[in-house]
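Colleague: Okay, handing you the structure first.
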Amino acid sequence: MRIQNSAWQGTFGYWQSLFIHQHLLMIGHTAWNGYLKAGRGLVVCEIADVISPSIDWSVETVAFDQAFIPQAEIKQYLQAFELETEAVTALLAAVSTYNPAETVAISILGNGAVHINLLQRLKISPRDCHSQVQRRWAEFHPPAAPLNYEKARKN
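Taking the working numbering, I'd label the letters of the sequence shown as residues 34 to 188.
So, in structure tokens, the structure goes:
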């Protein structure tokens, strides 16, 4: 018998894909908007609360702040997390070659850990996410003040 994805993730603490699924339109919007303004980069989602293993992703939402870190500033941003040099090098290489029209580089800070992913083969492109959020702006109510990663980096 195969365990359902949500049950498996809830049991073992792998909540990141469910978070991404719940917030994909805003993540894609942030990625495309950032790309249009600054070129390639990294979407950072900083989750405000601890993610409980018993969270019901179908009805509960998670508060988070997000920002787009331009490629030239990623290394400086990641220094605060004391990641292994190899991991930072691999991320910088991925960011320099990914296709922004189809892929999102994302860092999720939550439950005391940093999770970095390259979202590929998305069902909706970052450009389409951006268009949908722009058309339905009132529905999404993005935060008026995006995450200040300089402030977050100093904490």
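Backbone N, C-alpha and C define an ideal beta-carbon position, used for all residues, glycine too.
Bear in mind that the values here come from a model prediction, so they are computed numbers and not experimental data.
#1: Do L155 and A138 have their C-beta atoms within less than 7 Å of each other?
#2: When DSSP builds the beta bridges, which residues end up paired with V128?
#3: Would you check if the region 100-110 and the region 69-78 touch, i.e. whether three or more CB-CB distances between them fall below 8 Å?
#4: Would you check if the distance between the CB atom of F114 and the CB atom of V92 is smaller than 7 Å?
#5: Among residues of its own chain, excluding the 5 on either side of E172, which ones have a beta-carbon nearer than 7 Å to its beta-carbon?
#6: With distance defined between alpha-carbon atoms, name the residue in Q109, A134 and G67 nearest to T122.
#7: Taking the alpha-carbon of I60 as reference, which of T130, S140 and R168 has the nearest alpha-carbon?
#8: Which residue's Cα is closest to the Cα of Y47: H62, G67, A81 and I88?
#9: Tell me whether the beta-carbon of Q165 lies closer than 7 Å to the beta-carbon of L58.
#10: What is the residue span of the alpha helix (DSSP H) that E172 lies within?
#11: What whole-angstrom Cβ distance do H163 and H62 have, given they're in contact under 8 Å?
#12: Assuming I80 and L124 are in contact, meaning their beta carbons sit under 8 Å apart, how far apart are those beta carbons, in whole angstroms?
Modeller: With the given structure in hand:
#1: The residue you call residue 155 lines up with position 122 of the sequence shown. The residue you call residue 138 lines up with position 105 of the sequence shown. Taking 7 Å as the Cβ cut-off, L155 and A138 do not qualify as a contacting pair.
#2: One-based indexing of the sequence shown puts residue 128 at position 95. V128 is not bridged to any residue.
#3: yes
#4: Within the sequence shown, numbered from 1, the residue matching residue 114 stands at position 81. Within the sequence shown, numbered from 1, the residue matching residue 92 stands at position 59. It is not a contact, given that the beta carbons lie outside the stated cut-off.
#5: To locate residue 172, count along the sequence shown from 1; it is residue 139. Answer for E172: no residue qualifies.
#6: Counting from one through the sequence shown, the residue named residue 122 turns up at place 89. Closest by alpha carbon: Q109.
#7: Translated into positions along the sequence shown, residue 60 becomes position 27. Its Cα nearest to that of I60, the residue S140 stands out among T130, S140 and R168.
#8: The residue you call residue 47 lines up with position 14 of the sequence shown. Of H62, G67, A81 and I88, the residue nearest in Cα terms is I88.
#9: For the purposes of this step, residue 165 is taken as the residue at position 132 of the sequence shown. For the purposes of this step, residue 58 is taken as the residue at position 25 of the sequence shown. Yes, the Cβ-Cβ distance between Q165 and L58 is below 7 Å.
#10: Position 139 of the sequence shown, counted from the start, is the residue given in the question as residue 172. Residues W170 to F173.
#11: For the purposes of this step, residue 163 is identified with residue 130 of the sequence shown, where counting begins at 1. For the purposes of this step, residue 62 is identified with residue 29 of the sequence shown, where counting begins at 1. Between H62 and H163 the Cβ distance is about 5 Å, and since that is below 8 Å, they are a contact.
#12: For the purposes of this step, residue 80 is identified with residue 47 of the sequence shown, where counting begins at 1. For the purposes of this step, residue 124 is identified with residue 91 of the sequence shown, where counting begins at 1. Going by Cβ atoms, the distance from I80 to L124 rounds to 19 Å, so no, they are not a contact pair.
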